[in-house]
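Asker: Input: one structure, supplied below.
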Amino acid sequence: GAVVSQHPSWVICKSGTSVKIECRSLDFQATTMFWYRQFPKQSLMLMATSNEGSKATYEQGVEKDKFLINHASLTLSTLTVTSAHPEDSSFYICSARGGTAIYSNQPQHFGDGTRLSIL
Amino acid sequence: SQQGEEDPQALSIQEGENATMNCSYKTSINNLQWYRQNSGRGLVHLILIRSNEREKHSGRLRVTLDTSKKSSSLLITASRAADTASYFCATGITGNQFYFGTGTSLTVIP
Chain V
1 GAVVSQHPSW
11 VICKSGTSVK
21 IECRSLDFQA
31 TTMFWYRQFP
41 KQSLMLMATS
51 NEGSKATYEQ
61 GVEKDKFLIN
71 HASLTLSTLT
81 VTSAHPEDSS
91 FYICSARGGT
101 AIYSNQPQHF
111 GDGTRLSIL
Chain F
120 SQQGEEDPQA
130 LSIQEGENAT
140 MNCSYKTSIN
150 NLQWYRQNSG
160 RGLVHLILIR
170 SNEREKHSGR
180 LRVTLDTSKK
190 SSSLLITASR
200 AADTASYFCA
210 TGITGNQFYF
220 GTGTSLTVIP
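Respectively, the protein sequence lines represent chains V and F. Residue numbering for the first sequence follows this note's numbering, beginning at 1 and increasing consecutively. Residue numbering for the second sequence follows this note's numbering, beginning at 120 and increasing consecutively.
Here you go:
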């Protein structure tokens, strides 16, 4: 159980393109989804937290207009990197968690990540 | 930064030996979780320990938590080559946020 599917797994596109990444919880209701960015051999940096039906909460330094997050249902959240540039190239990982939106002792379940390469 | 720190950054051991990784954090937490990441993949949840717990076991894994020192440790006993991966701690703080530690890269030599 607790499977999270992230799609696509790898994207290569030209500078200026907008890229959408999907994160789906396949067998549970994800009240909260998290989006992370990871640079090579580094830890995960939390970008934003989204609760179903609410606006995402972005971490300091993360541009809201650059990284658009939508969490319209209990099983789907999307991250859109708008007008992507080479510096946006990274490994993006989503996670999903059930339980109450405000606080939960339940673990996060991660997708397999999306490798984004902007040429 | 609320990100935790782990040590060592890298650990190389022989198969069959035990591996210990430590995690220190800065803020009060509700829980602490350990995750494993194979290269280029997502993270796999290993174990969650609540702030009112001191020790937890799961198979070959043993996690301790010392909230007074704001630290946790992950012990993998009788390591196997398949345990080679990066291991991260993540602190669940009050609210709805998780912060990952810097990670420990574990190599188990067959």
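Quick reminder that beta carbons are idealized off the backbone N, C-alpha and C, glycines included.
Is the beta carbon of Leu-74(V) less than 8 Å from the beta carbon of Ala-30(V)?
Answerer: yes
Asker: So Ala-129(F) packs on Ser-224(F), CB below 8 Å; how close in whole Å?
Answerer: That belief holds up - the Cβ atoms of Ala-129(F) and Ser-224(F) are roughly 5 Å apart, short of 8 Å.
Asker: If you run the structure through DSSP and keep just helix, strand and coil, what is Glu-134(F)?
Answerer: Looking at Glu-134(F) - three-state DSSP - the assignment turns out to be coil, as it is neither helix nor strand.
Asker: Consult DSSP for Ala-200(F) and reduce its assignment to one of helix, strand or coil.
Answerer: Ala-200(F) carries a helical assignment under DSSP once its states are collapsed to helix, strand and coil.
Asker: I need the boundaries of the beta strand (DSSP E) containing Ala-72(V), first residue and last residue.
Answerer: 67-73
Asker: Could you confirm whether any beta carbon from chain V is found closer than 8 Å to the beta carbon of Tyr-218(F)?
Answerer: yes
Asker: Output, in sequence order along the chain, the residues in the stretch 147-174 of chain F whose CB is closer than 8 Å to any CB in chain V.
Answerer: For the stretch 147-174 of chain F, which is checked against every Cβ of chain V, the residues closer than 8 Å are Asn-149, Asn-150, Gln-152, Tyr-154, Gly-159, Arg-160, Gly-161, Leu-162, Val-163, His-164, Leu-167, Arg-169.
Asker: When the Cα atoms are used, what is the spatial distance from Ser-5(V) to Pro-127(F)?
Answerer: 31 Å
Asker: Where in the stretch 33-112 of chain V do unbroken runs of the beta strand (DSSP E), each at least 3 residues long, occur, reported from the N-terminal end onward?
Answerer: Within the stretch 33-112 of chain V, the runs of beta strand (DSSP E) that reach at least 3 residues and sit entirely inside it are, in chain order, 44-51, 67-73, 76-81, 90-97.
Asker: Output the distance between the C-alpha atoms of Gln-108(V) and Ala-96(V), rounded to the nearest integer angstrom.
Answerer: 5 Å
Asker: Just to make sure I have the definition right: I need the residues of chain F whose C-beta is within less than 8 Å of the C-beta of Pro-107(V). Which are they?
Answerer: Near Pro-107(V) (Cβ distances below 8 Å), the residues of chain F are Gln-152, His-164, Leu-167.
Asker: Using the rule of at least 16 other Cβ atoms within 10 Å of the residue's Cβ for burial, across every protein chain shown, is Ser-50(V) buried or exposed?
Answerer: Burial state of Ser-50(V) is buried, judged by a 10 Å Cβ sphere holding 16 or more other Cβ atoms.
Asker: Mapping DSSP to helix, strand and coil, what is Tyr-144(F)?
Answerer: coil
Asker: What first and last residue would you give for the beta strand (DSSP E) that runs through Thr-187(F)?
Answerer: It should be noted that the sequence gives Ser, not Thr, for residue 187(F). No beta strand (DSSP E) holds Ser-187(F); DSSP gives it neither H nor E.
Asker: Is Ser-54(V) a contact residue of the ligand GTP, with contact defined as CB to any heavy atom under 7 Å?
Answerer: The ligand GTP is not among the ligands present in this structure, which contains no ligands whatsoever.
Asker: In chain order, what residues of the stretch 40-64 of chain V put their CB closer than 7 Å to some CB of chain F?
Answerer: Ser-43, Leu-44, Leu-46, Thr-49
Asker: Closest by CA to Gly-61(V), which one among Leu-46(V), Ser-54(V), Ile-69(V), Gly-53(V)?
Answerer: With distances taken between Cα atoms, Gly-61(V) lies closest to Leu-46(V).
Asker: From which residue to which residue does the beta strand (DSSP E) around Glu-172(F) run?
Answerer: Taken as a continuous stretch (DSSP letters only), Glu-172(F) belongs to no beta strand (DSSP E), as it is neither H nor E.
Asker: If you draw a straight line from the alpha carbon of Gly-123(F) to that of Trp-35(V), how long is it in whole angstroms?
Answerer: 18 Å
Asker: Got a sec: is the Cβ-Cβ distance from Thr-221(F) to anything in chain V below 8 Å?
Answerer: yes
Asker: Could you name the residues of the same chain whose beta carbon sits closer than 7 Å to that of Gly-178(F), not counting the 5 residues immediately before and after it, in chain order?
Answerer: The answer is none, since no qualifying residue turns up.
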